[in-house]
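Single-structure report; data block below.
In our numbering, the protein residues as written are 91 to 390.
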């Protein structure tokens, strides 16, 4: 089975759990995810099956935006930047005002620098940071540039020592919403952590169309696979080049083919029958093959 599943990950269910669930249900080993979602978070987790696993790197290009709804709790700072960590600082944030928070938010839009949390899957000298954090170790993490396209206030619950702010955030890949919450708390002088998080979209995958594990079970019991999306669904940002039969044969063998068209750079290569043959690059009048996907059907 080749394609993508727009999986709804529930809180407490890890990204690995989601992959393991689908492997058991489908009896298929070649399944992966396109990027982890924190165990405490919920929302969209795209899973790739079969030959679609070859497409994960193209799906995860810079063009792939993500959006989240996050609840930030002020006054408590944790070592993991979320509610699962240990409290390392506690302050009374009752003096915080809506106006003060709104005035700070523009500083966290457009291109910003973030330091990833220690409790993360990023690696340091070959070891995931979260494993070092479990041992009580902390290492220097270089700041990374990320893009925050939108910060929109959804709800404000102020008036007590632990005021809360709910934001809708649209951002680039590599953004840590936990770091955003932590940094906002530091900028306001009261500390903060991310109390709840739901991923709303990842590229073309959206929460409204995501499948819960129980719904996948129901579909399989009914003998259908409506949850399976074609491989090309994850690649709307890549232009399509259609080739004739002669060029298709060349492409399927991993060889270059002549190309005359306006597309330049990374692209999808389809044949006239609507089959996604490969991912390639249009360069100087030629189609150069990156990865051959000869058996992946774009439409059933």
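Glycine included, C-beta positions come from ideal geometry on N, C-alpha and C.
Under the DSSP definition of a beta bridge, residue 342 lacks any partner.
Between the alpha carbons of residue 195 and residue 166 lies a gap of roughly 19 Å. Residue 265 and residue 229 have their alpha carbons spaced roughly 19 Å apart.
When the alpha-carbon of residue 168 is set against those of 207, 203, 364 and 186, the nearest one is in 207. Exposure of residue 188 is indicated by the presence of fewer than 16 other C-beta atoms within 10 angstroms of its C-beta. Taking 8 Å as the cut-off, the Cβ atoms of residue 122 and residue 143 count as close. The C-beta separation of residue 329 from residue 294 comes to about 15 Å, leaving the pair out of contact by the 8 Å criterion.
DSSP lists no beta-bridge partner residue for residue 149. Taking a 10 Å sphere around the C-beta of residue 137, we find 16 or more other C-beta atoms and assign the residue as buried.
Contact between residue 96 and residue 319 holds, since their C-beta atoms are separated by about 7 Å, short of 8 Å. In the three-state DSSP reduction, residue 298 falls in the helix class (H, G or I). Contact annotation: the stretch 307-316 does not touch the stretch 339-352, with fewer than three C-beta pairs closer than 8 Å. Across the set 233, 149, 261 and 271, the C-alpha of 271 shows the shortest separation from the C-alpha of residue 286. Going by C-alpha positions, residue 307 is about 8 Å away from residue 115. Only residues of its own chain outside the window of five on either side were considered, and among them 119 and 121 have a CB closer than 7 Å to the CB of residue 113, listed in chain order. For residue 239, the three-state secondary structure derived from DSSP is strand. With a cutoff of 8 Å on beta-carbon distance, residue 243 and residue 134 are scored as not near each other.
Counting along the chain, the unbroken beta strand (DSSP E) around residue 286 starts and ends at 282-292.
Residue 227: not part of any beta strand (DSSP E); DSSP gives it neither H nor E. Annotation for residue 355: the continuous beta strand (DSSP E) segment containing it runs 355-361. Cβ neighbours of residue 179 within its own chain (closer than 8 Å, five residues either side excluded): 166, 167 and 281.
Beyond the five residues adjoining it in sequence on each side, residue 140 comes within less than 6 Å, by CB distance, of 91, 92 and 120 in the same chain, given in chain order. Residue 317: not part of any alpha helix (DSSP H); DSSP gives it neither H nor E. Annotation: the continuous alpha helix (DSSP H) that includes residue 276 extends over 267-278.
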